[in-house]
Amino acid sequence: MTDGLGGNVLVVGLARSGRAASEVLRARGVRVVAFDRNEAVDVGRLRELGVEVHLGREEEKLLQGIELVVKSPGVPGETPLVAGARRRGIPVWSEVELGAQLLPNPILGVTGTNGKTTTSELLGEVFRAADRPVEVAGNVGRPLTSLVGAVDPDSWIVCELSSFQLEDVQTLNPAIGVLLNLEPDHLDRHGSFSAYAGAKLRMFERQSSDDTAVVPRGFGAVPGAGRRVEFDATDELPAEPSIPGPHNRENAAAATAAARAAGIADGAIAEGLRAFPGVPHRIELVREFRGVRYVNDSKATNVAATLRALASFPESRLHVILGGRGKAEPYGPLVAAFGSDDRGYLIGEAAREIGAALGSAGVRCSDAGDLEAALTEAAANARVGDVVLLSPACASFDQFEDFEARGDEFRRLVEALS
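So in my numbering, the last one in the sequence shown is 418, and the numbering has no gaps at all.
This is the structure we're talking about:
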């Protein structure tokens with residue numbers, strides 16, 4: 001055993017978080033076996049560090065001698081290696097759990113269905129405005145374990161936490177935990193809203209009365225003993241946020257409550273709210289061309305997120321690009337957000353299902369097939385004052401590697417318009 005970790009650890013999944021976990025374990029002298037189904041994943045550096053890498057076929061014999069499994073968030077719990085570990089009584093941790101065990105820093109955890117990245121990065125801006133050392137990590141794309149040994153122990157860590165990361169935490173205990181909202185998402189993986197909500201709320205389970213739980217006003221009870229602080233989109237704020245949309249005012253209210261809980265004065269909060277420009281792929285204005293605004297909201301991977309985007313442009317006719325890989329949620333709620341003159345342009349695997357939901361209510365839609373065709377058609381139909389909005393309400397994995405790749409391609413296509 002080394003640093004309380006197993007002397008033999010299996011890391012499952014070798015995207016960013018899996019690679020970071022493997023590296024920090026090797027730095028502590030732990031024997032690391034690593035696995036990924038993708039035979040094309042780049043593992044050169046891991047092998048240089050002495051990691052025993054296996055790619056392709058998943059075999060339970062890799063569990064022989066293993067004392068701990070560290071699971072990347074993209075790996076489902078029912079995958080054979082993870083399920084096999086549980087049957088054998090081998091502990092399974094998320095990469096975030098590993099980071100939390102190795103870092104002495106105070107953690108400000110941010111979870112919820114939508115707005116996590118925006119709120120996390122906004123909090124980073126607020127802490128910096130207050131001259132408080134801070135790092136932003138987690139689901140934002142910077143693995144928590146990448147901070148081990150690289151950050152001052154007095155720095156706060158604002159950690160965006162997804163339901164996938166919270167499935168397998170054992171000791172994670174944020175000094176401040178923020179729940180932004182809770183709406184159906186990832187039902188294709190969790191199986192039910194109850195299971196999804198349960199994973200999210202695990203963030204609060206180990207909080208004591210010295211900790212703070214920030215939740216939407218009127219939200220039901222959360223586990224743990226943290227001091228409850230509530231927020232609402234209508235709260236009076238030290239300053240109005242520069243980023244648009246009523247949902248972003250709600251994010252700002254949550255960030256304000258959390259920052260106050262961390263002892264940050266309203267003056268610094270106001271400075272952060274005014275300075276924060278937003279994040280890529282979240283209602284991001286790419287370009288205004290011939291009087292038409294082109295907006296990248298590729299991060300909208302569920303219906304609730306797309307509803308927030310649609311509500312952000314109440315005075316404009318919308319041309320909305322929707323579709324991708326669905327998450328087993330209904331698309332009917334989108335209907336009420338479309339005006340009589342708005343149009344949908346459908347792409348990907350979920351196009352037929354979305355088209356059926358919108359078309360049955362009279363929303364005009366066309367099945368474009370892919371992103372380039374959808375943008376071309378939308379641009380041809382748009383006139384001065386309109387908004388062409390990529391807000392898919394679906395995951396990207398049918399046609400793109402991730403939502404960032406989808407948003408980057410939208411941006412490239414828009415910038416090429418002439």
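Glycine included, every Cβ here is placed at the ideal spot set by N, Cα and C.
query = At a cut of 8 Å, does the stretch 195-209 reach the stretch 337-352 through at least three beta carbon pairs?
reply = Touching, no, given that fewer than three Cβ pairs across the two stretches are closer than 8 Å.
task = Quick one: grab the DSSP three-state call for L144.
result = The answer is helix: DSSP assigns L144 an H, G or I state.
ask   = Starting from I264 and walking both ways along the alpha helix (DSSP H), at which residues does that stretch end?
value = Premise fails: I264 is in no alpha helix (DSSP H) and is neither H nor E.
task = Could you spell out where the beta strand (DSSP E) holding V388 opens and where it closes?
result = 387-390 is the extent of the beta strand (DSSP E) around V388.
query = So, using beta-carbon positions, are R16 and G50 closer together than 7 Å?
reply = no
message = Check this for me: beta carbons of I90 and N8, under 7 Å apart or not?
response = no
task = Given a cut-off of 7 Å, decide if L180 and G115 are closer than it, judged by their beta-carbon atoms.
result = yes
key: Stretch-stretch touch, CB-based, cutoff 8 Å, three pairs: the stretch 371-385 with the stretch 301-313   = no
task = Would you check if the stretch 273-280 and the stretch 356-369 touch, i.e. whether three or more CB-CB distances between them fall below 8 Å?
result = no
Close-in-space but distant-in-sequence residues of the same chain around D370 (CB under 7 Å, 5 per side omitted) = Here the set comprises I347, Q399.
query = In three-state terms, what does DSSP make of K327?
reply = Coil, per DSSP.
request  = Report buried or exposed for E48, applying the criterion of at least 16 other Cβ atoms within 10 angstroms of its Cβ.
outcome  = Around the beta carbon of E48, a 10 Å sphere encloses fewer than 16 other beta carbons of the protein chains shown; the residue is thus reported as exposed.
query = Considering only residues of the stretch 248-297, which uninterrupted alpha helix (DSSP H) runs meet the minimum length of 4 residues and lie entirely inside it, listed in chain order?
reply = 266-275
message = Cutting at 7 Å between CB atoms, please list the residues of its own chain near A259, excluding the five before and the five after it.
response = L123, V126, I269
request  = Using beta-carbon positions only, say whether R217 and E230 come within less than 7 Å of one another.
outcome  = Note that the C-beta distance between R217 and E230 is below 7 Å.
query = How about N55 and D42: do their beta carbons lie closer than 7 Å?
reply = It is Leu, not Asn, that sits at residue 55 in the sequence shown. The answer is no: Cβ separation not under 7 Å.
task = Measuring alpha carbon to alpha carbon, tell me which of V148, V140, P153 ends up nearest P133.
result = Residue nearest to P133 within the set V148, V140, P153 is P153 (criterion: CA-CA distance).
ask   = When you compare only the Cα positions, how much space is there between S163 and E52?
value = Spanning the alpha carbons of S163 and E52 requires a straight line of approximately 29 Å.
C-alpha gap between L375 and G324, whole angstroms = 15 Å
task = Give me the Cα-Cα distance between T111 and A337, rounded to the nearest whole angstrom.
result = 25 Å
query = In the stretch 69-117, which residue ranges form an unbroken alpha helix (DSSP H) of at least 4 residues, counting only runs that do not cross its ends?
reply = 80-87, 95-102
ask   = Under a Cβ-count criterion, where at least 16 other Cβ atoms within 10 Å of its own Cβ denotes burial, should M1 be classed as buried or exposed?
value = Confidence is the limiting factor: at M1 the pLDDT is only 35, short of 50, which leaves the residue's position unreliable and the question unanswerable from this model.
query = By DSSP, does P424 sit in helix, in strand, or in coil?
reply = The question about residue 424 has no answer, for the chain in this structure spans 1 to 418.
key: Exposure label - T171; buried when at least 16 CB within 10 Å   = exposed
message = I need the straight-line Cα distance from L103 to G77, nearest angstrom please.
response = 25 Å
Alpha-carbon to alpha-carbon, V388 and Q165 = Computed Cα separation, rounded: 33 Å.
inquiry  = Which residues does DSSP list as the beta-bridge partners of E52?
reply    = V33
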